[in-house]
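Letter by letter, the sequence shown follows residues 10 to 123 of the working numbering.
Think of the CB as a built atom: it goes at the ideal place given N, C-alpha and C, for glycine as much as any other residue.
Everything numeric in this text was worked out from a predicted model, so none of it was measured.
A quick write-up on the structure given underneath.
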Amino acid sequence: MRHVLLLDLNDDAEAIAAYRHWHRPGGPPAAVTRSIRAAGINAMEIWHAGDRLVMIMETGPHFDPEAKRANDAADPDVQAWESLMDRFQRRLAFAEPGVKWVPTEPIFALADQP
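Structure follows, in structure tokens:
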């Protein structure tokens, strides 16, 4: 299953450069990437334009976002990473309280068109 999520960065060139640096190959801590894979996320990409981020995730059939949230909340390494990333991130104005990455809704697929 594909999940597409949105989040903004603080509109500051130095902060954006730092965020990108933290996400280079080998940048995120091993515990964080292990947590992502262990949750059943088979592929994840973050795309960037201006101050907007788009995360694309491909998950397996057993992926449970609520279980991932609970496991992440109990993992001090993941919490340290989230605290660090919070310095660079800005919630979308329409995000529900406590929601960082906002899920999107697909409205068009070329494959569905005649």
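Classified as exposed, TRP56 has fewer than 16 neighbouring CB atoms from the shown chains inside 10 Å of its CB. Only residues of its own chain outside the window of five on either side were considered, and among them none has a CB closer than 6 Å to the CB of ASN80. Around the Cβ of LEU119, a 10 Å sphere holds fewer than 16 other Cβ atoms; the residue is exposed.
Burial state of VAL87 is buried, judged by a 10 Å Cβ sphere holding 16 or more other Cβ atoms.
Residues MET66 of the same chain have their beta carbon placed closer than 6 Å to that of HIS12, with the five preceding and five following residues left out of the count. Under DSSP, TRP56 forms a beta bridge with VAL63. Beyond the five residues adjoining it in sequence on each side, HIS32 comes within less than 8 Å, by CB distance, of ILE55 in the same chain, given in chain order. Contact check between the segment 106-117 and the segment 32-41: fewer than three CB pairs, one atom from each, fall below 8 Å, which does not count as touching.
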